[in-house]
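Only one structure is covered here, and it is reproduced in the block below.
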Amino acid sequence: MVEERAQRASRNHPTRAFITGLAGQDGSYLAEQLLADGLEVHGLIRTPVRPPFCPPEVVLHPGDVTDHDATRRLLLEVAPDEVYNLAAVSSVARSWQEPELVRAVNGDAATALMDSALALQDRTGRPVRLVQASSAEIFGSPATAPQDESTPIAPTNPYGEAKARAHLAVGEARERGLHAVSAILYNHESPRRPQTFVTRKITRTVAAIARGEADELVLGNLEARRDWGWAPDHLGAMVLAGRHDLAQDYVVATGESHSVREFVAAAFAAAGVTGWESRVRIDPTLVRPVDAADLRGDSTRARSALGWRPTKAFADVILAMVESDLRPR
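Numbering (numbering that gives the first Met the number 0), first residue to last: 0 to 328.
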């Protein structure tokens with residue numbers, strides 16, 4: 000995958016990239032990959048403090064994607080060849096609590112960024128490539144599994160609704176002449192995943208139980224099924240998708256789904272803890288109002304068109320997270 004990414008970079012001659020949402024898990028991995036490709040990387044962050052895991056070579060620009068005019072001025076000043084929009088309120092649970100904020104960040108700001116990329120392209124006369132980080136949540140509770148790029152868009156929560164709006168805006172931007180791509184990302188994890196995510200809550204709590212520092216793991220719905228992959232793999236797919244000759248949308252997924260129960264069992268196994276069922280307590284207040292039964296992606300297009308493949312299996316992803324959480328701090 001690395002060799003193919005380098006070949007595409009050489010052919011399309013990108014020299015500068017701009018990332019929104021740099022402070023998150025995905026932003027740090029994406030920045031590392033782009034720097035390895037030899038690009039000058041610029042990132043938009045909400046505070047002037049360099050985020051954890053952010054490479055020192057990245058040029059930081061404090062700002063807020065919801066300030067559309069300021070973001071446009073910055074984009075015109077930086078004049079990147081590639082734009083990656085990762086900025087989002089990434090919690091589905093939070094989207095029920097703050098739906099207006101989620102629509103502003105995940106939907107309106109993404110659409111405004113595409114308009115700005117088109118303005119930059121018009122000003123410079125050279126192509127700009129934009130990759131939107133979409134989400135499997137745009138499919139809501141799909142009737143069939145796996146899902147692919149033709150699956151009907153039918154979100155069932157404010158997060159999915161906002162992501163769906165941005166996803167549809169990508170198609171409109173393509174019609175207006177922008178090389179725009181929507182990467183429909185399924186769940187992707189790593190030790191850099193923030194503690195607010197249930198997967199990191201699981202691995203950190205399991206590690207604490209293994210060390211004798213905690214007694215129980217409190218969760219909601221153990222039967223929800225997700226397609227969990229390795230974050231660096233998914234970010235690599237975004238780069239390949241943006242540099243492909245044809246601008247189109249791609250499902251980025253492993254093709255396997257596992258329940259939260261399976262995730263928990265694998266985490267306890269990785270930590271060497273037996274009899275895990277007695278250590279897990281279900282709290283009904285943690286269950287989402289609407290939770291898709293089986294989100295599992297069909298990444299045939301990404302595999303055939305981009306030559307993309309996942310590099311870590313489900314159990315290996317969890318093992319990497321648990322081992323990181325078990326290390327002394």
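Ideal placement from N, C-alpha and C gives every residue a C-beta, glycine not left out. If you're wondering where the values come from, they're calculated on a predicted model, not measured in any experiment.
By the CB criterion at 9 Å, serine 181 and proline 231 fall outside the cutoff.
Valine 259 counts as buried, since at least 16 other C-beta atoms from the protein chains shown sit within 10 angstroms of its C-beta.
Per DSSP, threonine 70 is one residue of the alpha helix (DSSP H) stretching across 67–77. For isoleucine 208, there is no enclosing beta strand (DSSP E); the enclosing alpha helix (DSSP H) has its first and last residue at 197–209.
Per the coordinates, the alpha-carbon of glycine 306 lies some 12 Å from the alpha-carbon of arginine 242. In the DSSP annotation of this structure, serine 149 is not part of any beta strand (DSSP E), being labelled neither H nor E.
Comparing alpha carbon positions, the residue from Ala266, Pro126, Ala116 and Glu222 closest to valine 286 is Glu222.
In the DSSP assignment, phenylalanine 17 forms a beta bridge with His41 and Val82. Looking at the DSSP output, tryptophan 229 bridges to Glu188. The residue from Gln96, Asn156, Ala135 and Tyr158 with its alpha-carbon nearest to that of serine 149 is Ala135. In the DSSP assignment, valine 251 falls within the unbroken beta strand (DSSP E) covering 249–251. Beta-bridge pairing by DSSP links glutamine 96 to no other residue. If you draw a 10 Å sphere on the C-beta of isoleucine 281, you find fewer than 16 other C-beta atoms in it, and that means exposed.
If you draw a straight line from the Cα of threonine 46 to the Cα of proline 55, it comes to about 16 Å.
Looking at the backbone, the Cα of alanine 319 and that of alanine 118 are separated by about 42 Å. Closest option to aspartate 147, judged by alpha-carbon separation, among Arg300, Arg308 and Ala172: Arg300. With a contact defined as Cβ atoms closer than 8 Å, valine 104 and valine 64 qualify at about 6 Å.
Around the beta carbon of alanine 252, a 10 Å sphere encloses 16 or more other beta carbons of the protein chains shown; the residue is thus reported as buried. Apart from the 5 residues on each side of it in sequence, arginine 199 sits with its Cβ closer than 6 Å to the Cβ of Arg192 in its chain, given in chain order. Under the DSSP assignment, proline 61 falls outside any alpha helix (DSSP H), being part of the beta strand (DSSP E) whose first and last residues are 58–61.
One alpha carbon belongs to glycine 235, the other to serine 277, and they sit about 39 Å apart. For serine 133, no alpha helix (DSSP H) segment is defined; the enclosing uninterrupted segment is the beta strand (DSSP E) at 128–134.
Beta-bridge pairing by DSSP links histidine 178 to Arg128. With respect to alanine 86, alanine 109 sits close: the two C-beta atoms are nearer than 9 Å. Spatial neighbours of glycine 42 in its own chain (CB-CB distance under 6 Å, excluding positions within 5 residues in sequence) are listed in chain order as Ile18, Leu21, Val57 and Leu59. One Cα belongs to glutamate 39, the other to proline 13, and the distance between them is close to 9 Å. In the structure shown, the three-state DSSP call for serine 258 is strand. Sequence-distant partners of arginine 164 (beyond 5 residues in either direction) whose C-beta falls short of 6 Å from its own C-beta, in its chain, are Gly106. Taking all protein chains in view, the Cβ of arginine 295 is crowded by 16 or more other Cβ atoms within 10 Å, so the residue is classified as buried.
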